[in-house]
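J.:
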Amino acid sequence: NTDLIHDKLVQYKSKNNNKKLIVWLETPSNPQCKITDIKSISNIAKSIINQNELCIVVDSTWSTPYLLNPLTLGADVVMHSTTKYIGGHSDLLGGVLIVGDTIGGKTILPKLRTCHQIGGGVASPFDSWLALRGLRTLPVRMKQHSENALIIAKHLNDHNDITKVYYPGLPSHPQHQLASQQMRLYGGMMSFLVNNDRSNGGSIEA
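So the sequence shown is numbered by this note's numbering: it starts at 59 and just counts up by one.
1. Taking buried to mean at least 16 other C-beta atoms within 10 Å of its own C-beta, is W120 buried or exposed?
2. What are the start and end residues of the beta strand (DSSP E) that includes K222?
3. Which one or two residues does DSSP pair with E84 in a beta bridge?
4. Helix, strand or coil for H138 per DSSP?
5. What are the complete beta strand (DSSP E) segments, minimum 3 residues, inside the stretch 142–217?
6. Going by the DSSP bridge assignment, what does V252 pair with across the sheet?
7. Answer yes or no: do I144 and L83 have a C-beta to C-beta separation smaller than 8 Å?
8. Round the Cβ separation of L236 and I93 to the nearest angstrom and send it over; I've been treating them as touching at under 8 Å.
9. According to DSSP, is L112 part of a helix, a strand, or is it coil?
10. Spell out whether any CB of chain C is found under 8 Å from the CB atom of D61.
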């Protein structure tokens, strides 16, 4: 609800003028796969809060850079867990922050570098190689993940024992149109609700 976000930011500014603010977004969200309108929220936030005091961060782990590019939609920083889709082989632990060429990005980058240097959060050469290996196959994997997920989501959506499917690729999803606008494909993550009135001992037949 962009109106609610607008009102919250106006309220925040009136009480915390000149204080640093991070607007943290996750899209799609876990577990209900809600889609956040990054461009609209970025525009609203930057029209209310001084950009030197504002940083818009997007957790885009489930989308990956192949499906979604938040920096082109107004975000200042994008976060990915390289452990998941980017690594792709369940043998890597890591994360990455991509900082945009924006006022918010340029403001927070020196602080991130200081934390990096003092805290010592540096990926080993081998972990870095594993991440690069995963990136080489990321487009192929994400395309297939998305195609397979849509097939499964449609099947679950028609299943008698499933009451709700949360997947942005389905037209029934509340933000399906938004997902179609800001994502290349819909990803491989979904969740669903099971009918509690089943009398088959708790099992579901595919």
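Every residue, glycine too, gets a C-beta built ideally from N, C-alpha and C.
T.: Considering the structure as presented:
1. On the sequence shown, residue 120 is found 62 positions in, with the first residue counted as 1. By the neighbour-count definition (other C-beta atoms within 10 Å, threshold 16), W120 is a buried residue.
2. Numbered from its first residue, the sequence shown carries residue 222 at position 164. Run containing K222: 220–224, per the beta strand (DSSP E) assignment.
3. On the sequence shown, position 26 is the one that residue 84 refers to. Answer is D117.
4. Looking up residue 138 in the sequence shown gives position 80. DSSP places H138 within a strand segment (E or B) once states are collapsed to three.
5. Segments of the beta strand (DSSP E) lying fully in the stretch 142–217: 153–157.
6. Residue 252 sits at position 194 when you count from the first residue of the sequence shown. Looking at the DSSP output, V252 shares a beta bridge with I220.
7. Indexing the sequence shown from 1 puts residue 144 at position 86. Indexing the sequence shown from 1 puts residue 83 at position 25. A distance of 8 Å or more separates the beta carbons of I144 and L83.
8. Position 178 of the sequence shown holds residue 236. Position 35 of the sequence shown holds residue 93. Sure, about 5 Å apart at Cβ, within 8 Å.
9. Taking the first residue of the sequence shown as 1, we reach residue 112 at position 54. Correct three-state label for L112: strand.
10. Structure shown: chain C not included; a single protein chain is present.
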